[in-house]
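As C-alpha cells, the structure follows; a few thoughts come after it.
Chains as they are written, first to last, in my numbering: chain A, 1 to 184; chain B, 185 to 323.
Pasting the structure below:
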C-alpha cells in the first residue's frame with residue numbers, strides 16, 4: 001500500500017485529473033471547474049441588506065458543485081493527513097538552490113513553507129491579499145486552472161486560451177519579481 | 185441525497201490526487217514558474233490531452249445521456265477578450281504569490297492548514313469584490 005503514502009508522478013496524476021472532465025459530464029452533464037464555488041459561497045452568505053446582483057440567484061441549483069469541493073477537502077484530508085507523505089517534496093536541484101538563495105532553510109520539508117504559512121500577522125496579511133487576487137481574478141476571467149486550462153483548452157475554446165496566457169503572465173511576474181522582492 | 189454521492193466521490197478523488205501530485209505545494213509552483221522541473225507541466229499537459237481525447241470519444245459516440253438522464257453537451261464560454269486576459273493576469277499574480285489555485289486551496293484546507301483557510305477567506309472576499317465592481321469593469 002506504499003502508493004497511498006508516496007507522491008504520485010505526473011503521468012499518473014495528470015491523466016486522472018484530465019478524466020475529471022468526462023466524469024463530470026457522465027455524472028450529470030456538468031462542466032468541470034472549481035472557482036465557481038467561491039461565487040456560490042458568497043451567494044449563500046450574502047446578507048439581504050447587501051444584495052449585490054451577481055450573488056442573487058438560486059445557489060441550491062449548484063449544490064452538486066459544493067458537494068464536489070467538500071469532497072475535494074475530504075480528499076485533501078485523506079492524502080495529506082491520513083496517508084501523509086513522510087518524505088520531503090523531491091524538488092529539482094535548480095529549485096532547491098533558488099529556494100536556498102531566497103533564505104529558505106529546508107526547501108520542500110513540508111508541502112508548503114512554514115515561513116509563509118505559520119500564524120503571524122505578516123503571513124496572514126500576505127496570504128489573505130494574494131487570496132483576494134485569486135478570488136477576484138478567477139471570477140473576472142470566469143474560471144481558473146480547472147475550468148480554463150483543463151476544460152477550456154481540452155474543448156478548444158479561444159477565451160480559455162486568453163485566460164491561460166494571462167494566468168501564466170501574471171504567475172511569471174509574481175514568481176520572478178514579487179516573491180524574491182518580498183523574501184530577500 | 186444519493187444523487188449527490190457521485191459528486192462527493194469524484195471530489196474526494198480529485199482532492200486526493202491534488203495533494204499526492206503536490207500541486208498544492210508552494211515550492212512546486214515556484215519551480216514551475218521558473219521552468220526548473222517538468223513535473224507541473226507534465227500534469228497540466230497530460231490532463232489537457234486526456235480530457236481532449238475523452239471529449240473526442242464522447243463526441244464520436246454521438247449524443248449520450250448522463251447518469252441523471254440529461255443529454256451530454258459541452259457549454260461554450262461567452263466570447264470576449266479583456267476580461268479573460270485581465271482576470272487571468274490578476275489570478276496568475278495571486279497563484280504565483282501563494283502557490284495555490286482554487287482546487288488546491290480546498291484540498292489544502294482539508295489538511296487542516298490554517299494558512300489555507302486564510303487564503304480561502306481572501307479568495308471569498310476577492311470574489312465578492314468582483315461581484316460588487318462587475319459593472320464598472322471592462323469585459
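Glycine included, each C-beta is placed from N, C-alpha and C at the ideal position.
With its beta carbon less than 7 Å from one in chain B, residue 150 of chain A belongs to the interface.
The beta carbon of residue 46 of chain A is closer than 7 Å to those of 52, 55 in its chain, skipping five residues each way along the sequence. Among the residues of chain B, those whose CB is under 9 Å from the CB of residue 35 of chain A are 275, 285, 286, 287, 307, 311, following chain order. Across the structure, residue 93 of chain A and residue 43 of chain A are spaced so that their CA atoms are roughly 45 Å apart.
Short of 7 Å from the beta carbon of residue 21 of chain A, and not among the five residues preceding or following it, lie these beta carbons of its own chain, in chain order: 32, 150, 151, 154. When the Cα atoms are used, residue 290 of chain B and residue 165 of chain A turn out to be separated by approximately 24 Å. In this structure, DSSP gives residue 255 of chain B an extended state, which the three-state scheme calls strand. Shown here, residue 261 of chain B sits in coil according to DSSP, grouped into three states, outside any helix or strand. Identification of chain B residues near residue 105 of chain A by a Cβ-Cβ cut-off of 8 Å yields none; the smallest Cβ-Cβ distance measures about 13 Å. Residue 181 of chain A: member of the alpha helix (DSSP H) spanning 179-183, first to last residue. Two segments are said to touch when three or more pairs of C-beta atoms, one from each, lie closer than 8 Å; by this definition the stretch 196-212 of chain B does not touch the stretch 156-170 of chain A.
Contact residues of the stretch 54-65 of chain A toward chain B are 54, 55, 63, 64, 65 (C-beta to C-beta distance below 8 Å).
Within chain B, 275, 278, 279, 282, 284, 285, 286, 289, 303, 306, 307, 310 have C-beta atoms less than 8 Å from the C-beta of residue 134 of chain A, given in sequence order.
Excluding its 5 nearest sequence neighbours in each direction, residue 276 of chain B has no C-beta neighbour in its own chain below 8 Å.
Shortest Cα-Cα distance from residue 102 of chain A to any of A:177, A:85, A:58, A:10 involves A:177. A residue is called buried when at least 16 other Cβ atoms come within 10 angstroms of its Cβ; residue 320 of chain B does not meet this threshold and is exposed.
Spanning the alpha carbons of residue 145 of chain A and residue 227 of chain B requires a straight line of approximately 12 Å. Between the alpha carbons of residue 322 of chain B and residue 268 of chain B lies a distance of about 11 Å. For the C-beta of residue 100 of chain A, not a single chain B residue is nearer than 8 Å; the gap to the nearest is close to 12 Å.
Legend: CB atoms of the stretch 230-255 of chain B lying less than 9 Å from CB atoms of chain A belong to residues 230, 231, 232, 233, 234, 235, 236, 237, 238, 239, 241, 242, 248, 249, 250, 251, 252, 254, 255. Pairwise C-beta distances place the stretch 279-298 of chain B in contact with the stretch 103-122 of chain A, as three or more of them are shorter than 8 Å.
With a threshold of 16 other beta carbon atoms within 10 Å, residue 125 of chain A falls short and is exposed.
Nearest CB-CB separation between residue 320 of chain B and chain A: not below the 7 Å threshold. Here the C-alpha atom of residue 108 of chain A lies approximately 16 Å from the C-alpha atom of residue 292 of chain B. For the C-beta of residue 295 of chain B, the chain A residues within less than 7 Å are, from N- to C-terminus, 76, 77, 80, 81. Residue pairing by DSSP places residue 249 of chain B opposite B:255 in a beta bridge. Interface criterion met: the Cβ of residue 159 of chain A is under 7 Å from a Cβ in chain B.
When the five nearest sequence neighbours on each side are left out, no beta carbon in the same chain lies closer than 7 Å to the beta carbon of residue 243 of chain B. Your pair residue 75 of chain A and residue 199 of chain B checks out as a contact, with CB atoms roughly 2 Å apart and the cut at 8 Å. Sorting B:192, B:194, B:210 by C-alpha distance to the C-alpha of residue 297 of chain B places B:210 at the top.
Judged by DSSP in its simplified three-state form, residue 89 of chain A adopts coil rather than helix or strand.
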